[in-house]
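Visitor: Just so we're aligned: the sequence shown equals residues 65 to 230 in my numbering.
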Amino acid sequence: ACSFAEAPNFFGAGVVRRELDTLSQLYAIYSHQQIQQHVSDLREITLPKRGSQYPDVYAVEADARLLVNDVDWESYGNWIVCYGSSGPSSGGLGQLGTWGLWQKGCGVGLMIHEMGHNWGLLHANGLNTLLSGRDIGPWAKREYGNPWEVMGGGGAPGPHTVAHKD
Numbered sequence: 065a066c067s068f069a070e071a072p073n074f075f076g077a078g079v080v081r082r083e084l085d086t087l088s089q090l091y092a093i094y095s096h097q098q099i100q101q102h103v104s105d106l107r108e109i110t111l112p113k114r115g116s117q118y119p120d121v122y123a124v125e126a127d128a129r130l131l132v133n134d135v136d137w138e139s140y141g142n143w144i145v146c147y148g149s150s151g152p153s154s155g156g157l158g159q160l161g162t163w164g165l166w167q168k169g170c171g172v173g174l175m176i177h178e179m180g181h182n183w184g185l186l187h188a189n190g191l192n193t194l195l196s197g198r199d200i201g202p203w204a205k206r207e208y209g210n211p212w213e214v215m216g217g218g219g220a221p222g223p224h225t226v227a228h229k230d
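Take a look at the structure:
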């Protein structure tokens, strides 16, 4: 859990631990016990700069790696960097098809969404008709268009829908 210079100890280990435990329980339920998540290392660090001085999550990661230099990041099955609200504007970023994610805050819904990207899932898009009040006609693709899927911006910490299960 990363805090910025202007707000040290932004989260507190108890809050982050509770969210990660909830994430583990939800994935076990949603996957019918096929996915087991375990927290093996939880660090709280205060980054040297103010949140507004970080242009993107990669700059947050670079400083976090410098401060936690005793960890072989690649040896972890996954790693999550949660950072305070004054950081980069992105809500979160999950690397597509590989491990590692960053997110503003430590909410479970966003973690599930970003971990979906780690597993190779794209956003669950939707189609909007361009003619008011009609179900047919010209349409446009809408990013995050499926409100029933966590990959579509549903927001709730729910399971992935059938289209994203394999």
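Ideal Cβ positions, reconstructed from N, Cα and C, are used throughout, including at glycine. Predicted model, so just to flag it, every value in this text is computed and none were measured.
Measure from the alpha carbon of G209 to the alpha carbon of each residue in E138, G190, G184, M215, then state which is nearest.
Guide: By one-based count along the sequence shown, residue 209 stands at place 145. Closest option to G209, Cα to Cα, is G190.
Visitor: Nearest-angstrom Cα distance between R114 and W203?
Guide: Counting from one through the sequence shown, the residue named residue 114 turns up at place 50. Counting from one through the sequence shown, the residue named residue 203 turns up at place 139. Cα to Cα, R114 sits roughly 44 Å from W203.
Visitor: Considering only their Cβ atoms, is the gap separating V214 from G158 smaller than 8 Å?
Guide: Mapped onto the sequence shown, residue 158 falls at position 94. Mapped onto the sequence shown, residue 214 falls at position 150. No, the pair does not count as a contact, with Cβ atoms beyond the cut-off.
Visitor: Return the residue from the list Q97, S116, R82 that minimises the CA-CA distance to V103.
Guide: Translated into positions along the sequence shown, residue 103 becomes position 39. It is R82.
Visitor: What does DSSP give as the partner residue(s) for L253 in the beta ladder?
Guide: In the structure as shown, the chain starts at 65 and stops at 230, and residue 253 therefore has no counterpart that could be examined.
Visitor: Name the residue from L160, Y147, N133 whose alpha carbon lies nearest to the alpha carbon of W183.
Guide: Against the sequence shown, residue 183 aligns to sequence position 119. The residue with the shortest Cα to Cα distance from W183 is L160.
Visitor: Roughly how far, in whole angstroms, is the beta-carbon of G155 from the beta-carbon of A188, given that I think they are within contact range, below 8 Å?
Guide: Mapped onto the sequence shown, residue 155 falls at position 91. Mapped onto the sequence shown, residue 188 falls at position 124. 16 Å between Cβ atoms; not a contact.
Visitor: Less than 8 Å between the C-beta atoms of T110 and A69, yes or no?
Guide: One-based indexing of the sequence shown puts residue 110 at position 46. One-based indexing of the sequence shown puts residue 69 at position 5. Closer than 8 Å, so yes.
Visitor: Where does T110 sit, in a helix, a strand or coil, going by DSSP?
Guide: Numbered from 1 along the sequence shown, position 46 holds the residue referred to as residue 110. Of the three classes helix, strand and coil, the one that applies to T110 here is strand, per DSSP.
Visitor: Would the beta-carbon of C60 fall within 8 Å of that of V121?
Guide: In the structure displayed, the chain extends from 65 to 230; residue 60 sits before or after that span and is not available.
Visitor: Could you please give the first and the last residue of the uninterrupted beta strand (DSSP E) stretch that includes V145?
Guide: Translated into positions along the sequence shown, residue 145 becomes position 81. Where V145 is concerned, the enclosing beta strand (DSSP E) stretches over 144–147.
Visitor: Assign L160 to one of three DSSP states: helix, strand, or coil.
Guide: Taking the sequence shown and counting its residues from 1, the one referred to as residue 160 is at position 96. L160 falls in the coil class under three-state DSSP.
Visitor: Which ranges does the alpha helix (DSSP H) cover as unbroken runs of at least 4 residues, wholly within the segment 67–140, from first to last along the chain?
Guide: Within the segment 67–140, the complete alpha helix (DSSP H) runs of at least 4 residues are 77–94, 121–131.
Visitor: Can you give the beta carbon distance from W166 to Y147, rounded, assuming they're within the 8 Å contact cut?
Guide: Walking along the sequence shown from the start, residue 166 turns up at place 102. Walking along the sequence shown from the start, residue 147 turns up at place 83. About 7 Å separates the two Cβ atoms, so the contact holds.
Visitor: In whole angstroms, give me the CA-to-CA distance for R107 and L131.
Guide: Sequence index remark: in the sequence shown, residue 107 carries index 43 (1-based). Sequence index remark: in the sequence shown, residue 131 carries index 67 (1-based). Whole-angstrom Cα-Cα distance: 10 Å.
Visitor: Can you name, in chain order, every residue of its own chain whose Cβ lies under 8 Å from the Cβ of S88, other than the five neighbours on each side?
Guide: Locating residue 88 in the sequence shown gives position 24, counting from the first residue. Excluding sequence neighbours, S88 sits near Q100, Q101, H102, V103.
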